[in-house]
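Using my numbering, read the sequence shown as starting at 1 and increasing by one per residue.
Positions of the beta carbon are idealized from the N, C-alpha and C atoms, including for glycine.
The structure appears right after this line, and notes come after that.
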Amino acid sequence: MSLVSLVFAVTLAGSLVSLIGGLYLITGGRLAGVLKGYSVPFAAGALLAAAFGDLLPEAVSLLGGWAGSLWAMFGMILFFVLERTLRWFHHHHVHEAEPVNANRSLIVTGDILHNALDGVAIGAAFLVSPAAGIVTTVAVAAHEIPHEIGNFGLLLSKGMKRLRVVAVNVAGALATAVAATATAAAGGWIEPAVAPLLAVSAGFFVYIAASDVIPSIHAETNWRRANLQSGVLVGGNLLLTLFGWWLGQTLGK
Numbered sequence: 001m002s003l004v005s006l007v008f009a010v011t012l013a014g015s016l017v018s019l020i021g022g023l024y025l026i027t028g029g030r031l032a033g034v035l036k037g038y039s040v041p042f043a044a045g046a047l048l049a050a051a052f053g054d055l056l057p058e059a060v061s062l063l064g065g066w067a068g069s070l071w072a073m074f075g076m077i078l079f080f081v082l083e084r085t086l087r088w089f090h091h092h093h094v095h096e097a098e099p100v101n102a103n104r105s106l107i108v109t110g111d112i113l114h115n116a117l118d119g120v121a122i123g124a125a126f127l128v129s130p131a132a133g134i135v136t137t138v139a140v141a142a143h144e145i146p147h148e149i150g151n152f153g154l155l156l157s158k159g160m161k162r163l164r165v166v167a168v169n170v171a172g173a174l175a176t177a178v179a180a181t182a183t184a185a186a187g188g189w190i191e192p193a194v195a196p197l198l199a200v201s202a203g204f205f206v207y208i209a210a211s212d213v214i215p216s217i218h219a220e221t222n223w224r225r226a227n228l229q230s231g232v233l234v235g236g237n238l239l240l241t242l243f244g245w246w247l248g249q250t251l252g253k
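Spelled out as C-alpha cells, the structure:
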C-alpha cells in the first residue's frame, strides 16, 4: 500500500471512529453517560503524548531545539488568535441579531477548518514515519469524540435538524482525511515545511489540551470525579506514549 493510500485509510478510519463514538455517547444509555465524562481528560492525555512524544521531538531533531521551540510557540499563538477571531465573529453575530443560519454557518466553517488543520498535522506526521502518523491520528480521534459531542449539541440548539447535523459532522470527518491525504501527497513539494508543520502541530495540540480540556477538569466540583479524571488524563498520556514507542519499535522510525 502506498503512503498516500495508507494515510487516507488510517485517517478516514480514525475520523469515523470519533464520529461513531460521539454519536454513541450522545444517544447511548447510562454507560455512555459515564464514559462521556472521562473522554475529555483521556483526549488531553493523548494530545500531550502525541505533542511531546512524537511531533515536537521529530521537529527538534530536524530543526534544532531553538527553532523547534519557536515554531511550537508560534503554533500556540496562531491557534489562540484563530480561536479568538472565530469567537469574536460568533459573539458579533449573536449580539447583532444576525439570522440563526449565519451562526450555524460560522460554527460549521470553524469545525471544518479545525478538522482540516488536524488533517495537516496527521499528514505531516506520516511524512516523518508511519508510527508518528498513526499516533497522531489516534490522538486526534480521541480529541474529536468530545469535540463531536459539543458540535452535535451546539448545532441542535441552533435548530439544525438531526440528520443534517450528522451530515455536517461527516463532512468534517472527510475534511480531516482529505487534508491529511493532500499533505502526504504533496511529499517532496513541501519537504522544507514538514519540520515547522510538526512543531506548529505540537503547539496546536498543547494549546487545545491546556486551554480547552484541562480547564474543564479544574471546573469539576466533585473531588472524587476530579481525581478520577486526572487519573484518566495520566493514563491516556501513558497509554499513547507506550503505544507510540511500540509502533516505533515495530514499524521503525
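With distance defined between alpha-carbon atoms, name the residue in VAL17, TRP223, ALA185 and THR85 nearest to ALA125. Locating residue 125 in the sequence shown gives position 125, counting from the first residue. The residue with the shortest Cα to Cα distance from ALA125 is ALA185.
Nearest-angstrom Cα distance between LEU25 and LEU3? If you number the sequence shown from 1, residue 25 lands on position 25. If you number the sequence shown from 1, residue 3 lands on position 3. Near 33 Å, if we compare the C-alpha coordinates of LEU3 and LEU25.
Are the CB atoms of ALA72 and GLY203 nearer to each other than 7 Å? Along the sequence shown, read from residue 1 onward, the residue named residue 72 stands at position 72. Along the sequence shown, read from residue 1 onward, the residue named residue 203 stands at position 203. Contact: yes.
At least 3 beta-carbon pairs within less than 8 Å: the stretch 217-236 vs the stretch 63-79: no
I want to check one thing, is the minimum distance from the CB of VAL135 to the heavy atoms of the ligand ATP below 6 Å? Of ligands this structure carries none, so the ligand ATP is not represented either.
Please check the pair GLY177 and THR11, which I expect to be a contact at CB under 8 Å, by giving their CB distance rounded to whole angstroms. The count along the sequence shown starts at 1 and reaches residue 177 at position 177. The count along the sequence shown starts at 1 and reaches residue 11 at position 11. It is worth fixing the name first, because residue 177 is Ala in this sequence and not Gly. Going by Cβ atoms, the distance from ALA177 to THR11 rounds to 4 Å, so yes, they are a contact pair.
Using a Cβ-Cβ cut-off of 7 Å (strictly less than) and excluding sequence neighbours within five positions of GLU148, which residues of its own chain qualify? For the purposes of this step, residue 148 is taken as residue 148 along the sequence shown, with counting starting at 1. Excluding sequence neighbours, GLU148 sits near SER18, LEU19, GLY22 and ASN169.
Can ALA142 and ALA13 be called in contact, C-beta distance under 7 Å? Sequence index remark: in the sequence shown, residue 142 carries index 142 (1-based). Sequence index remark: in the sequence shown, residue 13 carries index 13 (1-based). No, the pair does not count as a contact, with Cβ atoms beyond the cut-off.
Beta-carbon gap between SER230 and LEU55 smaller than 7 Å: In the sequence shown, residue 230 corresponds to position 230, counting from 1. In the sequence shown, residue 55 corresponds to position 55, counting from 1. No. Outside cutoff.
By the DSSP assignment, the alpha helix (DSSP H) with THR27 in it spans what residues? Here residue 27 is taken as the residue at index 27 of the sequence shown, counted from 1. That run of the alpha helix (DSSP H) goes 3-27.
Closest Cα partner of PHE243 within the set THR136, TRP66 and LEU63: Against the sequence shown, residue 243 aligns to sequence position 243. That would be THR136, whose Cα lies nearest to the Cα of PHE243.
Near PRO130, what residues of its chain come up, given a Cβ to Cβ distance below 6 Å and the 5 sequence neighbours on each side ignored? One-based indexing of the sequence shown puts residue 130 at position 130. These residues qualify, in order along the chain: LEU251.
Can you tell me the Cβ-Cβ gap for ALA139 and LEU240, rounded? I've got them flagged as a contact below 8 Å. Taking the first residue of the sequence shown as position 1, residue 139 is located at position 139. Taking the first residue of the sequence shown as position 1, residue 240 is located at position 240. Indeed they touch by this definition, with Cβ atoms about 6 Å apart.
Considering only their Cβ atoms, is the gap separating SER5 from ILE301 smaller than 7 Å? With the chain represented from 1 up to 253, any question about residue 301 goes unanswered, as that position is not in the structure.
How would you label GLY123, buried or exposed, when you count the other beta carbons within 10 angstroms and need 16 or more for buried? For this step, residue 123 is matched to residue 123 along the sequence shown. It is buried - the Cβ of GLY123 has at least 16 other Cβ atoms within 10 Å.
Is it the case that the Cβ atoms of LEU155 and VAL166 are separated by a distance below 7 Å? Walking along the sequence shown from the start, residue 155 turns up at place 155. Walking along the sequence shown from the start, residue 166 turns up at place 166. No, Cβ-Cβ distance for LEU155 and VAL166 is not below 7 Å.
Would you call the CB atoms of GLU58 and LEU197 closer than 7 Å? Stepping through the sequence shown from its first residue, residue 58 is reached at position 58. Stepping through the sequence shown from its first residue, residue 197 is reached at position 197. Cβ distance not < 7 Å, so GLU58 and LEU197 don't count as in contact.
Can you find the residues in the same chain that come closer than 6 Å, C-beta to C-beta, to ALA173, ignoring five residues on each side of it along the sequence? Taking the first residue of the sequence shown as position 1, residue 173 is located at position 173. Excluding residues within five positions, the ones whose Cβ falls inside 6 Å are SER15 and LEU19.
Contacts around ALA179, its chain only, beta-carbon distance under 6 Å, and the 5 residues preceding and following it disregarded: As a working mapping, residue 179 is identified with position 179 in the sequence shown. Hits under 6 Å: ALA116, GLY119 and VAL120.
For LEU127, count neighbouring C-beta atoms within 10 Å of its own C-beta (all shown protein chains included) and say buried if the count is 16 or more, exposed if not. The residue given as residue 127 occupies position 127 in the sequence shown. The residue is buried, with at least 16 neighbouring Cβ atoms inside 10 Å.
Please go through the stretch 98-163 and give each complete alpha helix (DSSP H) segment of 4 or more residues, from N-terminal end onward. Whole alpha helix (DSSP H) segments, 4+ residues: 100-128 and 130-157.
7 Å Cβ cutoff met for ILE107 and LEU247: Reading the sequence shown from its first residue, position 107 is the one you call residue 107. Reading the sequence shown from its first residue, position 247 is the one you call residue 247. Not in contact: ILE107 and LEU247 (Cβ atoms no closer than 7 Å).
Quick one: what's got a C-beta closer than 7 Å to LYS36's C-beta in the same chain, skipping five residues either side? As a first step, residue 36 is located in the sequence shown; it is residue number 36 there, counting from the start. For LYS36, where only same-chain residues beyond five positions count, the Cβ hits under 7 Å are LEU25 and ILE149.
ASN222 classed as buried or exposed, judged by whether at least 16 other C-beta atoms fall within 10 angstroms: Here residue 222 refers to the residue found at position 222 when the sequence shown is read from its first residue. Exposed: under 16 other Cβ atoms inside 10 Å.
Apart from the five residues just before and just after ALA51, which ones in its own chain have a Cβ nearer than 7 Å to its Cβ? For this step, residue 51 is matched to residue 51 along the sequence shown. Closer than 7 Å at the Cβ level, and outside the excluded window around ALA51, lie ALA202, PHE205 and VAL206.
What does a CB cutoff of less than 7 Å around LEU153 pick up in its chain, not counting 5 residues either side in sequence? Counting from one through the sequence shown, the residue named residue 153 turns up at place 153. Checking the sequence shown, residue 153 turns out to be Gly, not Leu. Same-chain partners within the cutoff: there are none.
Per-residue DSSP class, three states only, for ALA219: As a first step, residue 219 must be located in the sequence shown, where it is residue number 219. Assignment of ALA219 by DSSP, reduced to helix, strand and coil, places it in the coil class.
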